[in-house]
Amino acid sequence: MHDSIAEVMREEAELYSSLYSSLEKKLDVMNEEMQATKQELLETKQELQATRQELQATNQATNRKLKATMKELLATRNLSQAMRNALRETKQSTGQKLQETTQKANRILRESNRELQAATQEMQATKQELPITEHAIGQELFEVGARLDQEVMGLNRLSRDTVELFLKKQDRTEERSYEVIKLLKGLMGVVSRMIGHEDVSPEAEALAAFVSSRTTAMTAEDNC
Numbered sequence: 003m004h005d006s007i008a009e010v011m012r013e014e015a016e017l018y019s020s021l022y023s024s025l026e027k028k029l030d031v032m033n034e035e036m037q038a039t040k041q042e043l044l045e046t047k048q049e050l051q052a053t054r055q056e057l058q059a060t061n062q063a064t065n066r067k068l069k070a071t072m073k074e075l076l077a078t079r080n081l082s083q084a085m086r087n088a089l090r091e092t093k094q095s096t097g098q099k100l101q102e103t104t105q106k107a108n109r110i111l112r113e114s115n116r117e118l119q120a121a122t123q124e125m126q127a128t129k130q131e132l133p134i135t136e137h138a139i140g141q142e143l144f145e146v147g148a149r150l151d152q153e154v155m156g157l158n159r160l161s162r163d164t165v166e167l168f169l170k171k172q173d174r175t176e177e178r179s180y181e182v183i184k185l186l187k188g189l190m191g192v193v194s195r196m197i198g199h200e201d202v203s204p205e206a207e208a209l210a211a212f213v214s215s216r217t218t219a220m221t222a223e224d225n226c
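Every number in my numbering is 2 more than the matching position in the sequence shown, counting from 1.
If you want it as structure tokens, here you go:
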């Protein structure tokens with residue numbers, strides 16, 4: 003019986019030893035796992051701390067960017083306000099200048115219309131005077147022809163002793179008559195071209211002066 007008790011005790015001791023050994027192994031495994039977990043937690047803590055530092059740096063950089071952006075926005079707002087003010091002032095100034103220019107243009111247009119109306123009236127008066135001028139020229143031609151006829155009739159009454167002188171004078175008189183008629187026709191052509199023009203051309207004035215001087219010279223020669 004003592005042997006069976008000893009055997010039981012021995013078996014119990016072996017069982018306890020086996021249990022203790024197994025428990026010790028499990029504790030070692032658990033300890034290793036705890037150490038590994040602790041290391042992982044430490045690494046995770048370090049990573050979290052690094053992430054926190056990065057977040058702080060990012061936050062600081064973001065804050066700096068936000069402040070710079072706010073400054074830029076404020077400067078842009080001030081610039082936009084200044085541009086709006088300048089645009090409003092420019093618009094007002096441009097409107098005033100445009101109004102002044104419009105008034106000046108209207109004034110010049112009214113003056114031009116008055117000058118044009120006066121020129122038109124003067125042209126109408128000139129056109130009305132032209133028939134009178136043509137009639138006067140025709141009357142003058144008629145009078146010149148009458149004087150020439152009288153001179154021819156007077157020459158026909160001369161004696162035979164003055165026939166040669168008469169012929170020479172007649173030739174000279176006819177030449178002058180043709181010249182006068184030619185000049186007067188030229189003057190009438192110039193006067194006709196004056197219709198519709200406000201000013202007398204220098205050619206017309208020169209031709210009129212030449213006709214006057216030439217007629218005066220021929221009259222003086224006839225008197226001689």
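By construction, the Cβ of each residue, glycine as well, lies at the ideal position given by its N, Cα and C atoms.
A quick note: this is a predicted structure, and the numbers were derived from the prediction, not measured.
Original post:
What's the C-alpha gap between A8 and Y18?
Top reply: On the sequence shown, position 6 is the one that residue 8 refers to. On the sequence shown, position 16 is the one that residue 18 refers to. Spanning the two alpha carbons is a distance of roughly 15 Å.
**OP:** Look at the alpha carbon of A107 and the alpha carbon of G97, and state the distance between them as a whole number of angstroms.
**Re:** Start at 1 with the first residue of the sequence shown, and residue 107 comes out as number 105. Start at 1 with the first residue of the sequence shown, and residue 97 comes out as number 95. When only Cα atoms are considered, A107 and G97 end up about 15 Å apart.
Subject >> Euclidean distance between Cα positions of E26 and E13 >> reply: As a working note, residue 26 is residue 24 in the sequence shown. As a working note, residue 13 is residue 11 in the sequence shown. Inter-residue distance for E26 and E13 is about 19 Å (C-alpha atoms, whole angstroms).
Original post:
Roughly how many whole angstroms lie between the Cα atoms of R86 and K73?
Top reply: The count along the sequence shown starts at 1 and reaches residue 86 at position 84. The count along the sequence shown starts at 1 and reaches residue 73 at position 71. Cα-Cα distance, rounded: 20 Å.
**OP:** Just mark E200 as buried or exposed, buried being the case when its beta carbon has 16 or more other beta carbons within 10 Å.
**Re:** Counting from one through the sequence shown, the residue named residue 200 turns up at place 198. Confidence at E200 is low in this model, with a pLDDT of 45, below 50, so the placement of that residue is unreliable and no value is reported for it.
Original post:
For V202, is the classification buried or exposed, using 16 other Cβ atoms within 10 angstroms of its Cβ as the cut-off for buried?
Top reply: Along the sequence shown, read from residue 1 onward, the residue named residue 202 stands at position 200. For V202, the predicted model reports a pLDDT of 47, less than 50, meaning its position is unreliable and no value from the coordinates is stated.
Original post:
How many angstroms separate the CA atom of A63 from the CA atom of E45?
Top reply: The residue you call residue 63 lines up with position 61 of the sequence shown. The residue you call residue 45 lines up with position 43 of the sequence shown. One C-alpha to the other measures close to 26 Å.
Subject >> Beta-carbon proximity list for A59, same chain, < 7 Å, skipping 5 on both sides >> reply: Residue 59 sits at position 57 when you count from the first residue of the sequence shown. None.
Subject >> K40 to L57 span [Cα, whole Å] >> reply: Locating residue 40 in the sequence shown gives position 38, where the first residue counts as 1. Locating residue 57 in the sequence shown gives position 55, where the first residue counts as 1. If you take the alpha carbons of K40 and L57, they lie about 25 Å apart.
Subject >> Backbone CA spacing between I110 and Q126 [nearest angstrom] >> reply: By 1-based counting over the sequence shown, the position of residue 110 is 108. By 1-based counting over the sequence shown, the position of residue 126 is 124. Going by the C-alpha atoms only, they are around 24 Å apart.
**OP:** Could you check the C-alpha separation between A88 and T78 for me, to the nearest Å?
**Re:** The residue you call residue 88 lines up with position 86 of the sequence shown. The residue you call residue 78 lines up with position 76 of the sequence shown. The alpha-carbon atoms of A88 and T78 are separated by roughly 15 Å.
Original post:
What's the gap between the Cα of K99 and the Cα of Q105?
Top reply: Indexing the sequence shown from 1 puts residue 99 at position 97. Indexing the sequence shown from 1 puts residue 105 at position 103. Between K99 and Q105, the C-alpha separation is close to 10 Å.
**OP:** Any chance you could list the alpha helix (DSSP H) runs of at least 4 consecutive residues sitting entirely within the segment 60-123, in chain order?
**Re:** none
Subject >> Residues near T92 in its chain [Cβ-Cβ closer than 8 Å; skip 5 each side] >> reply: Here residue 92 refers to the residue found at position 90 when the sequence shown is read from its first residue. Excluding residues within five positions, none has a Cβ falling inside 8 Å.
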